[in-house]
Structure formats: structure tokens, C-alpha cells
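**Q**
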Ligand SMILES: [Mn+2]
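Residue numbers (my numbering): 16 to 465.
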């Protein structure tokens, strides 16, 4: 019977690992100290206003200010070479000593950004580009109102033509994170990100073992990890100690919980692996809904969430807080191996890779609804995979399938473990699939696996 299964495992939270987790800081990043922030946009895009509003004056290194320093005139183009020599020296010194550094210059050409990225790389500092995607008309209008200096309209046109058209360009140059601001209002409302950690872990080259939807199937998870050579010590403990094979990292594709037998234990294994650097994780739609419930938002308790919440209630308030912090800190999706591998629960079209926006998060976790429903009453989602033409491999889950199969450069690895299918991992870069069968049917799928 679906839903009748009850785990016999004790849910007593007394494991040493749990207290270690409880004492750990949630994995969040803001703009970390030592980050290089490069503003990118034509003159009049609002970069200086933005920088002054959101950063300390001493954190901002402006090309105009450097021109003024060397030539007594912020508009003296003849002083450009000298001004940038000063700018690069200041940026170099700041990054060397690990100080947040915001470069306020147009930076529309790759050759302007390259030496800045090289400095960040030299001192192993994270880099972030903030792209001002503002129309030439808006830039010209703002320039006309400037009191300090007027920039020729042809200059603005040229800068607009040179500016990168998509965040992909900046990510491929090596920026760890790209934020796009589309209007002055967006620039004004911008919050220095302190919430979910970056989607881009480009520095991580792999190899990776990307693992499909878990839905509380902790026994199958441990079996799969063992099959892939992960060392599992004390499997009887609530949190077994898991050591990946040398150099490998597990990546969870989301939907850790709901419908299955051991939701808290599954969460604890995932959380501990992430905490100890053995795994990365992105959330699925079920995890997002749980997070909302834990935050006290009204959610419909369906699709197995009742049981997960019962388990969490039994585990206590500390555990609920721990899970809430963990889920809050997860990035919407991951861009790995220098942009060659993307992991997103419901998949992700190319133009949203590496984008930290509410829209990208929505699409990554829930997919894009078509507004139609199938014969089983389930929402039909946009078939992004068949439309996908990107070079990056996109690994996803969300829609249970009988067998993981490649569709172009995409692969859905949710093989419906909780429905009695199997738990599947994709080994990257080997492109090898590893599966373990479900021990039983924990929840009957209303739709047969295809
Ligand atoms: Mn799922």
C-alpha cells in the first residue's frame, strides 16, 4: 500500500555528527571579503550611482577618480593609460590584502576586464561582474543630465555596441558570478546578495557524481554511494561517515524528501556531506515547499509533505532550524567545470545558466509550465530539453523516467526510486550511469514511468 510503509529506524537525534552540524554555520555567501566586483556598462548606465549607494567609498576604485588623480580632470582621455596604471595598482594591492574591491569603469571590452580577472586569479579571489543592461537611449538621457562631464553620444553608442550581450560571455571569461541589472530601478533596489550561495562553482573541475531525486530513500542512497566507491562507515548511525573516492564530489539534483521512508535521515546525510565538502546540492520543488512550510508560509500539505513534517516535528525544533538554514543556503542551480556542467532540478535553458535571479530559480526548481495538464491531471511542462542546443551538459531530475537517457546534451536522472524504480547517478566526465534498484515501492506513482 502506498504510504503505509513506516521506517523502523529510530529517529533519535543523538549522533555526534548531528551536534557538529548543529554547531556549524549555514553555508552562505555574501559578497565575500576579497571579492573583485567589476561593474560593466556604458557611460550613463548608472554604475557610479549604484556603487556609491551600495558600497563604501573606499571599496570603489573609479577610472574617473584615477584620471583626476593623475591629470586633475576626470574627463581627460589623454590620461587614460596613466589612470588605468593607477587603477590596476590599487586593485592589485587591495586584492592582495583580501579587500572587497569594486571597479567602477565601463569595462565593456574584454581587454579591459582581462587584467582585472588576472589579478583576482593571482590572489585566488572570487570575481563578480555586475552587468548594466541599459538601453543606449537611457544612457544618453542620463549623460545629458550629468553636471560633471558630458560624454559624446557617439561614444555611448560605441560602448553599447561593445558591451557583452549576455552573462554567458562574462562567465566564459572566468567570472564566478554574474548579476544583470536591467534598469535604474533594478540597480536602485539591488541588495548586496547575502542569501543563497552562488550558482557558479566554476573553479570546481570535477570529477562529479550527480545523484537523482532521493525522496527520503536513504538506504538506496547509501547503496549507490558504496557502488560508486564511497566509503560508508557506521551505516547504522543516523549520519554515517561518508568519504568520497579521491577527488570526487557528489552533487545532489534536489528533491531530498517526501513520499519516501526516511526523510530526516536523508536530509542529514545530504547536509553532512555538503557540510564536509563531500557533496554539493541544489534544491528541488519538494525541498522549496518544505522550506516555505518551515518558514511558516501557508503551503498545501500534499505529495508526501505531511510525513516529512511529522518526521521533522519528532526530530525537534533544532533540527527544523538546521534544515531551514541548509535549504535557505542552497543555490538555485550549479555551473561547474568551467561552465561545461550544469545541474538544475527541473533543467535549465542555456540563457539562464549562471544567472542568480528569481526567474532562473523558478525555472530551475519547477520548470516552465505550459498551462496544460495531461491525462493524469499533472501539469505539462515546457520540453526545454529537446529545445536545448547549448554546449554545457545539463543534468536534471524532477520528472521520473524508467531509464535515464540523453536528449542532446541533457539527461534526466530521476529514475523514480521512491516509486520502486531505481536511484541513478551520472558520473562526470565519464558520462557513465550507475543505478541501484529501489528496495521496494514506497509510493505508487499515479503515472507509469516512461
Ligand atoms: Mn522529484
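Ideal Cβ positions, reconstructed from N, Cα and C, are used throughout, including at glycine. Quantities reported herein were computed from a predicted structural model and do not represent experimental measurements.
1) Would you check if the stretch 227–243 and the stretch 173–183 touch, i.e. whether three or more CB-CB distances between them fall below 8 Å?
2) From the DSSP output, read off the bridge partner residues of residue 55.
3) Here's the rule I'm using: 16 or more other beta-carbon atoms within 10 Å means buried, otherwise exposed. How should residue 146 be labelled?
4) Pick helix, strand or coil for residue 450, following the three-state DSSP scheme.
5) At a cut of 8 Å, does the stretch 164–175 reach the stretch 52–69 through at least three beta carbon pairs?
6) What residues come near ligand 1, if near means a beta carbon less than 5 Å from any of its heavy atoms?
7) Across which residues does DSSP place residue 196 in a beta bridge pair?
8) Judging by CA-CA distance, which residue of 460, 343, 227 is the nearest neighbour of residue 392?
9) Which residues mark the beginning and the end of the alpha helix (DSSP H) in which residue 168 is found?
10) Give a yes or no on whether the C-beta atoms belonging to residue 81 and residue 102 are separated by under 9 Å.
11) Let me know the secondary structure DSSP gives residue 323 once reduced to three states.
12) Below 8 Å on the Cβ atoms is my contact criterion, and I expect residue 7 with residue 268 to pass it. Report the Cβ-Cβ distance as a whole number of Å.
13) Compute the distance between the beta-carbons of residue 233 and residue 274, then report whether it is under 9 Å.
14) Taking Cβ to Cβ, would you say residue 402 is nearer than 9 Å to residue 411?
15) Grouping DSSP H, G and I as helix and E and B as strand, with all else coil, what is residue 437?
16) Can you tell which of 289, 136, 259 has the C-alpha that lies nearest to the C-alpha of residue 111?
17) Determine the contact status of residue 436 and residue 454, defining contact as a CB-CB distance below 9 Å.
18) So, using beta-carbon positions, are residue 404 and residue 416 closer together than 9 Å?
19) In whole angstroms, what separates the C-alpha of residue 424 from that of residue 119?
20) Where in the stretch 290–350 do unbroken runs of the beta strand (DSSP E), each at least 3 residues long, occur, reported from the N-terminal end onward?
21) Whole angstroms is fine: what's the gap from residue 40's alpha carbon to residue 389's?
22) What are the complete beta strand (DSSP E) segments, minimum 3 residues, inside the stretch 245–297?
23) Is it a yes or a no for the stretch 282–291 touching the stretch 257–268, going by three-plus beta-carbon pairs under 8 Å?
24) If you follow the alpha helix (DSSP H) that residue 62 is part of, which residue opens it and which one closes it?
25) Which word fits residue 231, buried or exposed, when buried means at least 16 other C-beta atoms lie within 10 angstroms of its C-beta?
26) Have a look at residue 74 and residue 54 and give me their C-alpha separation to the nearest angstrom.
27) For residue 191, tell me which candidate among 205, 369, 420 has the shortest Cα-Cα distance.
28) Closest by CA to residue 339, which one among 426, 312, 162, 131?
29) What's the gap between the Cα of residue 447 and the Cα of residue 91?
30) Applying the 10 Å Cβ sphere with the 16-neighbour rule, what's the burial state of residue 458?
31) Whole-angstrom Cβ separation of residue 66 and residue 117, contact assumed at under 8 Å?
32) By the DSSP assignment, the beta strand (DSSP E) with residue 223 in it spans what residues?
33) Where does residue 302 land, buried or exposed, given buried means 16+ other C-beta within 10 angstroms?
34) If we call anything under 9 Å between Cβ atoms a contact, is residue 438 one with residue 451?
35) In terms of alpha-carbon separation, which member of 328, 225, 279, 380 lies closest to residue 345?
**A** Reading from the atomic positions:
1) In short, these stretches do not touch, since the Cβ pair count stays below three.
2) The residue given as residue 55 occupies position 40 in the chain shown. Residue 55 pairs with 146.
3) Translated into positions along the chain shown, residue 146 becomes position 131. With 16 or more other Cβ atoms within 10 Å, it is buried.
4) Sequence index remark: in the chain shown, residue 450 carries index 435 (1-based). Strand, per DSSP.
5) In short, these stretches touch, since the Cβ pair count reaches three.
6) Listed by position along the chain, the residues with Cβ atoms less than 5 Å from a non-hydrogen atom of ligand 1 are 228, 270.
7) Position 181 of the chain shown, counting from 1, holds the residue named residue 196. BP columns for residue 196 point to 147.
8) Taking the first residue of the chain shown as 1, we reach residue 392 at position 377. Selected option, being the one with the closest Cα: 460.
9) Here residue 168 refers to the residue found at position 153 of the chain shown. Start and end: 168–177.
10) Translated into positions along the chain shown, residue 81 becomes position 66. Translated into positions along the chain shown, residue 102 becomes position 87. Yes.
11) Position 308 of the chain shown, counted from the start, is the residue given in the question as residue 323. Reduced to three states, the DSSP call for residue 323 is helix.
12) There is simply no residue 7 to check, as the chain begins at 16 and stops at 465 in what is shown.
13) Looking up residue 233 in the chain shown gives position 218. Looking up residue 274 in the chain shown gives position 259. Taking C-beta atoms as the reference points, residue 233 and residue 274 fail to come closer than 9 Å.
14) Looking up residue 402 in the chain shown gives position 387. Looking up residue 411 in the chain shown gives position 396. No, these two residues do not count as a Cβ contact at 9 Å.
15) Looking up residue 437 in the chain shown gives position 422. In the structure shown, residue 437 sits in a strand (DSSP, three-state: E or B).
16) Counting from 1 along the chain shown, the entry for residue 111 is found at position 96. Here the closest residue by C-alpha is 136.
17) Here residue 436 corresponds to residue number 421 of the chain shown, with the count starting at 1. Here residue 454 corresponds to residue number 439 of the chain shown, with the count starting at 1. Not closer than 9 Å, so no.
18) Working through the chain shown from its first residue, we reach residue 404 at position 389. Working through the chain shown from its first residue, we reach residue 416 at position 401. No, the pair does not count as a contact, with Cβ atoms beyond the cut-off.
19) Start at 1 with the first residue of the chain shown, and residue 424 comes out as number 409. Start at 1 with the first residue of the chain shown, and residue 119 comes out as number 104. Cα-Cα distance, rounded: 38 Å.
20) The beta strand (DSSP E) runs lying completely inside the stretch 290–350 and spanning 3 residues or more are 294–296, given in chain order.
21) What you label residue 40 is simply residue 25 of the chain shown in a count that begins at 1. What you label residue 389 is simply residue 374 of the chain shown in a count that begins at 1. The predicted position of residue 40 is uncertain, since its pLDDT is 46 and thus under 50; no value can be drawn from it.
22) Counting only runs of 3 or more, we get 246–248, 256–258, 264–267, 294–296.
23) Because the criterion of three Cβ pairs below 8 Å is met, the stretch 282–291 and the stretch 257–268 touch.
24) The residue you call residue 62 lines up with position 47 of the chain shown. Going by DSSP, residue 62 is part of the alpha helix (DSSP H) stretching over 62–69.
25) Taking the first residue of the chain shown as 1, we reach residue 231 at position 216. By the 16-neighbour rule on beta-carbons within 10 angstroms, residue 231 is buried.
26) Locating residue 74 in the chain shown gives position 59, counting from the first residue. Locating residue 54 in the chain shown gives position 39, counting from the first residue. If I take the Cα positions, the gap works out to 13 Å.
27) Position 176 of the chain shown, counting from 1, holds the residue named residue 191. The candidate whose alpha carbon is nearest that of residue 191 is 369.
28) The residue you call residue 339 lines up with position 324 of the chain shown. Nearest option by C-alpha distance: 312.
29) Position 432 of the chain shown, counting from 1, holds the residue named residue 447. Position 76 of the chain shown, counting from 1, holds the residue named residue 91. Approximately 59 Å between the Cα atoms of the pair.
30) Taking the chain shown and counting its residues from 1, the one referred to as residue 458 is at position 443. It counts as buried.
31) By 1-based counting over the chain shown, the position of residue 66 is 51. By 1-based counting over the chain shown, the position of residue 117 is 102. Between residue 117 and residue 66 the Cβ distance is about 5 Å, and since that is below 8 Å, they are a contact.
32) Position 208 of the chain shown, counting from 1, holds the residue named residue 223. Boundaries of the beta strand (DSSP E) around residue 223: 223–226.
33) Position 287 of the chain shown, counting from 1, holds the residue named residue 302. That one is buried.
34) Within the chain shown, the letter at position 423 stands for residue 438. Within the chain shown, the letter at position 436 stands for residue 451. The answer is yes: Cβ separation under 9 Å.
35) Mapped onto the chain shown, residue 345 falls at position 330. That would be 380, whose Cα lies nearest to the Cα of residue 345.
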